[in-house]
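Chemist: So the sequences go chain by chain: A and B. Quick note: our numbering has the first sequence finishing at residue 318, numbered continuously throughout. Quick note: our numbering has the second sequence finishing at residue 318, numbered continuously throughout. We put the CB at the ideal spot given by N, CA and C, even for glycine. Computed from a predicted model, the values in this text were never measured in an experiment.
Protein chains: 2
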Amino acid sequence: MELVEKLLSGNKRAAARLITLVENKDPKAFETLKEIYHKSGNAYVIGITGPPGAGKSTLTDKLVKVFRKRDKKVGIIAVDPTSPFTGGSILGDRVRMSDLNLDPGVFIRSMGARGHLGGLSESTQAAVKILDIYGCDYIFIETVGVGQSEVDIVKTCDTTIMVMVPGLGDDIQAIKAGIMEIGDVFAVNKADRDGAKRTAREINMMLDFSKSDWRPPVELVVAIDNKGIEELFEQVEKHKSYLEESGQKEVRRIENCKNEIVDLVQQKLMDMILDKSSKEEMINKLSKEVAARKTDPYSACKLVLEKLRTT
Amino acid sequence: MELVEKLLSGNKRAAARLITLVENKDPKAFETLKEIYHKSGNAYVIGITGPPGAGKSTLTDKLVKVFRKRDKKVGIIAVDPTSPFTGGSILGDRVRMSDLNLDPGVFIRSMGARGHLGGLSESTQAAVKILDIYGCDYIFIETVGVGQSEVDIVKTCDTTIMVMVPGLGDDIQAIKAGIMEIGDVFAVNKADRDGAKRTAREINMMLDFSKSDWRPPVELVVAIDNKGIEELFEQVEKHKSYLEESGQKEVRRIENCKNEIVDLVQQKLMDMILDKSSKEEMINKLSKEVAARKTDPYSACKLVLEKLRTT
Numbered sequence: 008m009e010l011v012e013k014l015l016s017g018n019k020r021a022a023a024r025l026i027t028l029v030e031n032k033d034p035k036a037f038e039t040l041k042e043i044y045h046k047s048g049n050a051y052v053i054g055i056t057g058p059p060g061a062g063k064s065t066l067t068d069k070l071v072k073v074f075r076k077r078d079k080k081v082g083i084i085a086v087d088p089t090s091p092f093t094g095g096s097i098l099g100d101r102v103r104m105s106d107l108n109l110d111p112g113v114f115i116r117s118m119g120a121r122g123h124l125g126g127l128s129e130s131t132q133a134a135v136k137i138l139d140i141y142g143c144d145y146i147f148i149e150t151v152g153v154g155q156s157e158v159d160i161v162k163t164c165d166t167t168i169m170v171m172v173p174g175l176g177d178d179i180q181a182i183k184a185g186i187m188e189i190g191d192v193f194a195v196n197k198a199d200r201d202g203a204k205r206t207a208r209e210i211n212m213m214l215d216f217s218k219s220d221w222r223p224p225v226e227l228v229v230a231i232d233n234k235g236i237e238e239l240f241e242q243v244e245k246h247k248s249y250l251e252e253s254g255q256k257e258v259r260r261i262e263n264c265k266n267e268i269v270d271l272v273q274q275k276l277m278d279m280i281l282d283k284s285s286k287e288e289m290i291n292k293l294s295k296e297v298a299a300r301k302t303d304p305y306s307a308c309k310l311v312l313e314k315l316r317t318t
Numbered sequence: 008m009e010l011v012e013k014l015l016s017g018n019k020r021a022a023a024r025l026i027t028l029v030e031n032k033d034p035k036a037f038e039t040l041k042e043i044y045h046k047s048g049n050a051y052v053i054g055i056t057g058p059p060g061a062g063k064s065t066l067t068d069k070l071v072k073v074f075r076k077r078d079k080k081v082g083i084i085a086v087d088p089t090s091p092f093t094g095g096s097i098l099g100d101r102v103r104m105s106d107l108n109l110d111p112g113v114f115i116r117s118m119g120a121r122g123h124l125g126g127l128s129e130s131t132q133a134a135v136k137i138l139d140i141y142g143c144d145y146i147f148i149e150t151v152g153v154g155q156s157e158v159d160i161v162k163t164c165d166t167t168i169m170v171m172v173p174g175l176g177d178d179i180q181a182i183k184a185g186i187m188e189i190g191d192v193f194a195v196n197k198a199d200r201d202g203a204k205r206t207a208r209e210i211n212m213m214l215d216f217s218k219s220d221w222r223p224p225v226e227l228v229v230a231i232d233n234k235g236i237e238e239l240f241e242q243v244e245k246h247k248s249y250l251e252e253s254g255q256k257e258v259r260r261i262e263n264c265k266n267e268i269v270d271l272v273q274q275k276l277m278d279m280i281l282d283k284s285s286k287e288e289m290i291n292k293l294s295k296e297v298a299a300r301k302t303d304p305y306s307a308c309k310l311v312l313e314k315l316r317t318t
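#1: If you measure between the beta carbons of aspartate 139 of chain A and serine 47 of chain A, is that distance less than 7 Å?
#2: Might you give, ordered along the chain, the residues of its own chain that have their beta carbon closer than 7 Å to the beta carbon of leucine 124 of chain B, omitting 5 neighbours on each side?
#3: Would you call the segment 225-232 of chain A in contact with the segment 195-207 of chain A, where contact means no fewer than 3 C-beta pairs closer than 8 Å?
#4: Just checking: is the beta-carbon of glycine 94 of chain B within a distance shorter than 7 Å of some beta-carbon in chain A?
#5: If I measure Cβ to Cβ from glutamate 296 of chain B and keep anything under 6 Å in the same chain, skipping five residues before and after, which residues do I get?
#6: If we ignore side chains and look at the alpha-carbon of each, how far apart do aspartate 220 of chain B and leucine 250 of chain B end up?
#7: Kindly indicate which residue of B:Val86, B:Met169, B:Tyr141 has the alpha-carbon position closest to the one of histidine 45 of chain B.
#8: Between the segment 20-42 of chain B and chain A, which residues of the former have a C-beta closer than 9 Å to a C-beta of the latter?
#9: Using 8 Å as the cut-off, can you tell me whether the segment 260-267 of chain A makes contact with the segment 284-294 of chain B, which would need three or more C-beta pairs spanning the two stretches below that distance?
#10: Using a Cβ-Cβ cut-off of 7 Å, state whether leucine 276 of chain B counts as contacting chain A.
#11: Three or more beta-carbon pairs under 8 Å between the segment 9-24 of chain B and the segment 65-72 of chain B, yes or no?
#12: Is the CB-CB distance between valine 311 of chain A and valine 272 of chain B below 7 Å?
#13: Could you tell me which uninterrupted beta strand (DSSP E) segments, each at least 3 residues in length, are contained entirely in the segment 185-219 of chain B, listed from first to last along the chain?
#14: From the beta carbon of valine 102 of chain A, is the nearest beta carbon of chain B less than 7 Å away?
#15: Whole-angstrom Cβ separation of serine 26 of chain A and isoleucine 137 of chain A, contact assumed at under 8 Å?
#16: How about threonine 56 of chain B and valine 161 of chain B: are their beta carbons less than 7 Å apart?
#17: Could you name the residues of chain B that isoleucine 261 of chain A contacts, counting a contact when the two beta carbons are closer than 7 Å?
#18: Quick one: list the residues of chain B neighbouring lysine 265 of chain A, beta-carbon separation under 7 Å, in chain order.
#19: Kindly say whether aspartate 303 of chain A, judged by its beta-carbon, lies nearer than 7 Å to any beta-carbon of chain B.
#20: Kindly examine the ligand HEM and report whether one of its heavy atoms sits closer than 6 Å to the Cβ of methionine 212 of chain A.
#21: Using the rule of at least 16 other Cβ atoms within 10 Å of the residue's Cβ for burial, across every protein chain shown, is arginine 208 of chain A buried or exposed?
#22: What residue range does the beta strand (DSSP E) around leucine 66 of chain B cover?
#23: Could one say the Cβ of tyrosine 44 of chain B lies closer than 7 Å to chain A's Cβ atoms, at least one of them?
#24: With a threshold of 7 Å between beta-carbons, can glycine 122 of chain A be considered close to chain B, or not?
#25: Find the residues of chain B that neighbour valine 311 of chain A, judging by a C-beta separation of less than 7 Å, and give them in chain order.
#26: Rounded to a whole number of angstroms, what is the C-alpha to C-alpha distance between leucine 281 of chain B and arginine 222 of chain B?
#27: Reducing DSSP to helix, strand and coil, say where arginine 300 of chain A ends up.
#28: Buried or exposed: which applies to serine 253 of chain A, given that a residue is buried once 16 or more other Cβ atoms fall within 10 Å of its Cβ?
#29: Under the DSSP definition of a beta bridge, which residues are partnered with tyrosine 305 of chain A?
#30: Just the C-alpha distance for aspartate 191 of chain B and leucine 107 of chain B, rounded to the nearest angstrom, thanks.
#31: How big is the Cα-Cα spacing for isoleucine 261 of chain A and alanine 50 of chain A?
#32: Report the three-state DSSP secondary structure of threonine 39 of chain A (helix, strand or coil).
#33: Using the beta-carbon of each residue, which ones in chain B are nearer than 7 Å to alanine 307 of chain A?
#34: Locate the alpha helix (DSSP H) running through valine 81 of chain B, then write down its first and last residues.
#35: Should isoleucine 280 of chain B be flagged as near chain A, meaning a C-beta pair shorter than 7 Å?
#36: Out of A:Tyr145, A:Cys143, A:Val86, point me to the one whose CA is closest to glutamate 129 of chain A's CA.
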């Protein structure tokens, strides 16, 4: 396949084309990925996540520039939230505003979920492989929100930077509970605002309960003014060294592969359940019966499972 | 079962006990739910969601008080974020701070995910049924974040209030894209802050593209000062009337039942995949092979699916 040769020679358009095919769930694209998968595994994957309004895009831009100064080839995957009911992403094709767009050593891509339930995770993971084989030294995955889909994506990363911000109110307690085990490095962005040090202190207090060998650092940064970015870079590199020297990188990658396999199996099973054939018809019929209280959802579930096993 | 009789007679402790059993995935609790499911369907379910820091808890409290003034029996389920890697919720047992705790006509419960992948959705849906049968007129489900798990939960509601807040920065575009189809009523909370009107205007602009018969209203509120809460209540009642008069309530409830059945099937299948037996062993072995590039995740997925079908 010509596309593969171009990709292996570091052709940007070929990478973009293959990612589009993957987003469109083209079976041939996945066949291709199967064939070249063994060439992946060289890129280091960094996740950047945190609540809305934390300034993740700006921080990613500034951090990428530090890697570029060291002449590293970088890929950025900006994950846009789903429009879950139609399955389409309004911002899926949005061009991310950044002067990095002009840098030939940077590949930027926005991705939205086109499918249903977990499809975003599948295509994001495929895009990581493509950018890896394309030759990126570092791949950044930037994602908005604090939910399961974000967690699924973060599970594919080597190092995850959790971006926090002062002024999240009471929800910071809840967010912290949800993210404690996700962040390898914490950044409190907009640190020129009131309450930044308090936010950092609160995060540090939570992290003190961590039982991991790696104690995540908490950096104060003002991304827009480029303050604290070099220090953040250093922390990422420190975490990378820790993973490599402790053997944890291999452990984590095996765990990530497991998550990916389980996600894929789940996705395929969902496709089977909602395959527009007799099963969806059966579910539609059962839904009406459950709504009318003629049966209950647990009995309905059992019937669907039996049907799945026998067809 | 004595517990059932107590629940049917409106005993608060019985409701709390049954929800705990459901959270602990006690099979007997689900058997009980199957038996009494036909008695559910009377409560009206209201989802309250939005990004972190939007002040959802305060808004819920104030809104519930409006319903209480009309002598409605109310249930509140506060969904806490997951700690996805351990499967436990740090805040799962947190007692929600509210003077509503003292009101005998209000049942408050915080719920966190104890299981893996979708378990929160399953137990939340079960809790809704229990509070419905217990006799609540209205059930509020309050959830933090903007992700798939939130969307799953919102799918069980009749009316969903999307709480926004000024100052979310660029992310508001992304959030809006993700939530446009979730909100039936929008509240811009903390409307005494700069930019509130602009936020409302931006949401209205997005909503103008909506093709639904119901055009979601956007209300400016200051929950902490109790401003705009009566107006918000009116909008919820309007949406309720719209659903009832248009026949959309039935359509939506059938759709919700479908989502619940599909969620349950997915959950059971996941339990089967990770059932600690030969399948998990197989996945662990495959994960190592994928990490070592001896095989690829897509081929691994296929093998697991075949195993699932033949055992």
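Modeler: Taking the definition as stated:
#1: For the purposes of this step, residue 139 of chain A is taken as residue 132 along the first sequence, with counting starting at 1. For the purposes of this step, residue 47 of chain A is taken as residue 40 along the first sequence, with counting starting at 1. Going by C-beta atoms, aspartate 139 of chain A is nearer than 7 Å to serine 47 of chain A.
#2: Counting from 1 along the second sequence, the entry for residue 124 of chain B is found at position 117. Any reading at leucine 124 of chain B needs caution, since the residue's pLDDT is 43, under 50, leaving its predicted position unreliable; the model's value is listed next. Contacts found: Met277.
#3: Flag = yes, the segment 225-232 of chain A and the segment 195-207 of chain A touch.
#4: For the purposes of this step, residue 94 of chain B is taken as the residue at position 87 of the second sequence. Any answer about glycine 94 of chain B is weak, because its pLDDT of 36 lies below 50 and its placement is not dependable; what the coordinates show is given next. Nearest CB-CB separation between glycine 94 of chain B and chain A: not below the 7 Å threshold.
#5: Looking up residue 296 of chain B in the second sequence gives position 289. Once the five neighbours on either side are set aside, the close Cβ partners of glutamate 296 of chain B are Thr302.
#6: Against the second sequence, residue 220 of chain B aligns to sequence position 213. Against the second sequence, residue 250 of chain B aligns to sequence position 243. Looking at the backbone, the Cα of aspartate 220 of chain B and that of leucine 250 of chain B are separated by about 10 Å.
#7: Here residue 45 of chain B refers to the residue found at position 38 when the second sequence is read from its first residue. Checked all of B:Val86, B:Met169, B:Tyr141; the closest Cα to histidine 45 of chain B is B:Tyr141.
#8: Listed by position, the residues of the segment 20-42 of chain B near chain A (Cβ gap below 9 Å) are Phe37, Glu38, Leu40, Lys41, Glu42.
#9: With the cut-off at 8 Å, the segment 260-267 of chain A and the segment 284-294 of chain B touch.
#10: As a first step, residue 276 of chain B is located in the second sequence; it is residue number 269 there, counting from the start. Taking 7 Å as the threshold, the shortest C-beta distance from leucine 276 of chain B to chain A falls below it.
#11: With the cut-off at 8 Å, the segment 9-24 of chain B and the segment 65-72 of chain B do not touch.
#12: Here residue 311 of chain A refers to the residue found at position 304 of the first sequence. Here residue 272 of chain B refers to the residue found at position 265 of the second sequence. In this structure, valine 272 of chain B lies closer than 7 Å to valine 311 of chain A by Cβ.
#13: Entirely contained in the segment 185-219 of chain B, the beta strand (DSSP E) runs reaching 3 residues are, in chain order, 192-195.
#14: Taking the first residue of the first sequence as 1, we reach residue 102 of chain A at position 95. Note that valine 102 of chain A scores 46 on pLDDT, short of 50, meaning its location in the model is unreliable; the coordinates nonetheless yield the value given after this. Closer than 7 Å: no.
#15: For the purposes of this step, residue 26 of chain A is taken as the residue at position 19 of the first sequence. For the purposes of this step, residue 137 of chain A is taken as the residue at position 130 of the first sequence. Position check: residue 26 of chain A holds isoleucine in this sequence, whereas serine was assumed. Between isoleucine 137 of chain A and isoleucine 26 of chain A the Cβ distance is about 6 Å, and since that is below 8 Å, they are a contact.
#16: On the second sequence, residue 56 of chain B is found 49 positions in, with the first residue counted as 1. On the second sequence, residue 161 of chain B is found 154 positions in, with the first residue counted as 1. Contact check for threonine 56 of chain B against valine 161 of chain B passes: the beta carbons are separated by less than 7 Å.
#17: As a first step, residue 261 of chain A must be located in the first sequence, where it is residue number 254. Ser294, Lys295, Ala298, listed in chain order.
#18: Taking the first sequence and counting its residues from 1, the one referred to as residue 265 of chain A is at position 258. Those are Ile290, Asn291, Ser294, listed as they occur along chain B.
#19: To locate residue 303 of chain A, count along the first sequence from 1; it is residue 296. Closer than 7 Å: yes.
#20: In the structure on display, the ligand HEM does not appear, and there are no ligands present to speak of.
#21: Here residue 208 of chain A refers to the residue found at position 201 when the first sequence is read from its first residue. Burial state of arginine 208 of chain A is exposed, judged by a 10 Å Cβ sphere holding fewer than 16 other Cβ atoms.
#22: Numbered from 1 along the second sequence, position 59 holds the residue referred to as residue 66 of chain B. In the DSSP annotation of this structure, leucine 66 of chain B is not part of any beta strand (DSSP E); the continuous alpha helix (DSSP H) holding it starts and ends at 63-76.
#23: On the second sequence, residue 44 of chain B is found 37 positions in, with the first residue counted as 1. At a cut-off of 7 Å between beta-carbon atoms, tyrosine 44 of chain B makes contact with chain A.
#24: Walking along the first sequence from the start, residue 122 of chain A turns up at place 115. In this prediction, glycine 122 of chain A has a pLDDT of 44, which is less than 50 and means its spatial position is unreliable; what the coordinates show is noted afterwards. No - not a single Cβ of chain B is within 7 Å of the one on glycine 122 of chain A.
#25: Within the first sequence, numbered from 1, the residue matching residue 311 of chain A stands at position 304. The contacting residues are Ile268, Val272.
#26: Mapped onto the second sequence, residue 281 of chain B falls at position 274. Mapped onto the second sequence, residue 222 of chain B falls at position 215. Spanning the two alpha carbons is a distance of roughly 43 Å.
#27: What you label residue 300 of chain A is simply residue 293 of the first sequence in a count that begins at 1. Reduced to three states, the DSSP call for arginine 300 of chain A is coil.
#28: Translated into positions along the first sequence, residue 253 of chain A becomes position 246. With fewer than 16 Cβ atoms within 10 Å of its Cβ, serine 253 of chain A is classed as exposed.
#29: Taking the first sequence and counting its residues from 1, the one referred to as residue 305 of chain A is at position 298. The partner list for tyrosine 305 of chain A (beta bridge, DSSP) is empty, contrary to what the question assumes.
#30: As a first step, residue 191 of chain B is located in the second sequence; it is residue number 184 there, counting from the start. As a first step, residue 107 of chain B is located in the second sequence; it is residue number 100 there, counting from the start. Using only the alpha carbons, I get a separation of about 25 Å.
#31: Taking the first sequence and counting its residues from 1, one reaches residue 261 of chain A at position 254. Taking the first sequence and counting its residues from 1, one reaches residue 50 of chain A at position 43. Spanning the two alpha carbons is a distance of roughly 15 Å.
#32: Mapped onto the first sequence, residue 39 of chain A falls at position 32. Looking at threonine 39 of chain A - three-state DSSP - the assignment turns out to be helix.
#33: Taking the first sequence and counting its residues from 1, the one referred to as residue 307 of chain A is at position 300. Going along chain B in sequence order, the residues near alanine 307 of chain A (Cβ under 7 Å) are Ile268.
#34: Taking the first residue of the second sequence as 1, we reach residue 81 of chain B at position 74. Where valine 81 of chain B is concerned, there is no enclosing alpha helix (DSSP H), although the beta strand (DSSP E) it sits in stretches over 81-86.
#35: As a working note, residue 280 of chain B is residue 273 in the second sequence. Answer yes: the Cβ-Cβ gap between isoleucine 280 of chain B and chain A drops below 7 Å somewhere.
#36: Position 122 of the first sequence, counting from 1, holds the residue named residue 129 of chain A. Selected option, being the one with the closest Cα: A:Val86.
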